Every structure is written in C-alpha cells, then in structure tokens.
Amino acid sequence: MKPAAFDYYAPATAEEAVALLSEFGDDAKFIAGGQSLMPMLNLRLAVFEHLVDLRRVDTLRGIEVRGDSVWIGAGTTHSAVGRSAQIRDAVPLLSRATPLIGHFQIRNRGTIGGSIAHADGAAEYPAVVLTLDAEIEALSPRGTRTIPASQFFTGMWSTDLADDELITGITCPAAPAHSGYAIEEFTRRSGDFAVAGAAVALTLAADSTIERCAITTFGLGPTATRATAVEQAVTGLAVAGQEPETVARDVLDGVEAISADLHGPVEYRKRVGTAMVARAWQRAVEEATHG
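Using UniProt numbering, the first residue of the sequence shown is number 1, and each one after it goes up by one.
1) Quick one: Cα of F186 to Cα of T13, how far?
2) Tell me which residue opens and which closes the beta strand (DSSP E) that V195 is part of.
3) Which residue marks the beginning of the alpha helix (DSSP H) containing I106, and which one marks its end?
4) So, A194 versus G219, is the Cβ gap smaller than 8 Å?
5) Apart from the five residues on each side of it in sequence, which residues of its chain come closer than 7 Å, Cβ to Cβ, to M276?
6) Looking at the secondary structure, which residues open and close the alpha helix (DSSP H) in which K270 lies?
7) Using DSSP bridges, identify the partner residues of V52.
8) Under 8 Å, do V81 and A174 count as touching if we go by C-beta distance?
9) By how many angstroms is the C-alpha of E231 removed from the C-alpha of A201?
10) Using CA atoms only, rank isn't needed, just tell me which of R283, E165 and A224 is closest to A19.
11) DSSP state of L166, grouped into three classes?
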C-alpha cells in the first residue's frame, strides 16, 4: 500500500518547523528518519494532510560535550550516535544500546529524537534516557522547555510533548568514575523488538557501596519502567552483597503492566525479563567494580 495524499514541507529551521505544526494542528506530523512513521502511513494506520520534513534543519544534528553532560541533537541518526567516540566515552549505555536497534539500514535513517518521540515501550533509546535521568529539550512557538525523562513517557506511544512541540535535543549526564552500565534484551531474531529487556546504571562509592542505581525494564508493557522501589532499597548497601537473581526477581515482581502478546504468556515474559535484569545487573557491577 501507499500513503494517502499529503502536502510536503521542508523547513530550514526548527522555528519554521514548529510554526508549521502550530498552523496545521492535528493534520500535520513531523517526519525525520521516518522509520516508524512511514510504515504506519503506508499501511494507512495513520493519515496526515501535511508532513513536515526535518532533514534540512541542521541545528537538530550534532553531538556536543557540555561540561559534565553530553548534548545530542534530536535529528542525529542512530548510526552517528553509534560511531561517536564522545558518546562511547561519556555515555556508554547509549553507545551500547545502538547496535541493538533494528538493522543497519534503520540505524542509518532513524534518529534519536524520532525514537524518543515515538515512545515505543520495546524500544532501546527511551529505556536508556530513562535510566540515565536524561533531559529532553522541546521547542514550540512559546519557546524552549526542558522535560525530565522521568516525566516524558506517559503511556503507549504517548509523551508529555504538547501538540505544537518539537524535540530539539537530549542531554545525558556524563558517566562518573566507578560506574558500570549494561543493557540486555531478548529478541526472536536479530533486529526484532525486544520480548524483554533491561538497562542498568550503577555508581559505587569509595567503600564499594551503591551510590546511585537505576534499573529499567522495557518490552514488557506499554512503556519502559524504572524499578524505583528496588533502586531505593539497594542504594547505600554493599554491591557485593546483592545477588543478581534476587535483584532481578524483586524488579520483575514490581512490574505491574506485563501483558501477554504474540511473544508468549505473562509468566514466560516475566521469566525472560528476570534473566535480562540479572545479566545486565551482573555486567554493570563488574564494570563498576573492575573498570
């Protein structure tokens, strides 16, 4: 199938883009890499009268180290994120998540802002920015605002973005010393969406107690989910005393939105999720402890 007819716009600035979205309202949609939007348009699961192409907006692309954080332009492709030495050194979790996204053709076209705006519960980048306590920068005709990742994802394919807002960048904190990061996922085939996945970020104090802990599950429900109760419970404890399997069971016991789907029943998906958390926890601990 082919998409329904639409008017096409290619603004040169982000301000022009949000002005068009504000003018046309619900009848308009931004398109960046198009890796999520185009299949929906082709199948006519979504129909828009106006498409606003962001590829000419140069200010939406780029990677910059800004003090103790890294800014990534929303229009930066997955492949550019994956190749970046700055990302690899300062935001290793983002770098490690990138090869798990689809196939290389998708990574060459898809953008980090598009993935986050699409807010798929099984996608890697939303889980990563949630784990890192990243901030999402959004532009509208009213100006710019910053949205914490913890407040950004509101439900299945839904976010806190207003109807006339555009993601312009994502700011991730740089990895501190004595930190460990890991992301694990189980897929039926390479490039498929995750049946279950987990991302873990740990920072240890000088005495090897847990100073910061973030555990996020994805692929199990409508959104990626932080295990805040478990995070709080282990913070301040000796990392050596935390068994991966115990941590993982506690995390999955707290995930309320696990749903059965074509991948399998709830109990199967919970078992897979438990294994992914345990693996990610163990890898993060090893890196935080030994470097």
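Backbone N, C-alpha and C define an ideal beta-carbon position, used for all residues, glycine too. Model, not experiment: these values are computed from the prediction.
Taking the definition as stated:
1) Taking the CA atoms as reference points, F186 sits about 39 Å from T13.
2) DSSP places V195 in no beta strand (DSSP E); its state is neither H nor E.
3) Segment F104 to R109, the alpha helix (DSSP H) holding I106.
4) Going by C-beta atoms, A194 is nearer than 8 Å to G219.
5) Taken in chain order, the residues that qualify are E184, E185, F186, A196, G197 and A198.
6) Segment V266 to H290, the alpha helix (DSSP H) holding K270.
7) Per DSSP, Y9 and F30.
8) Here V81 is not near A174, since their CB atoms are 8 Å or more apart.
9) CA-CA distance, A201 to E231, rounds to 10 Å.
10) Comparing Cα positions, the closest option is E165.
11) In the structure shown, L166 sits in a strand (DSSP, three-state: E or B).
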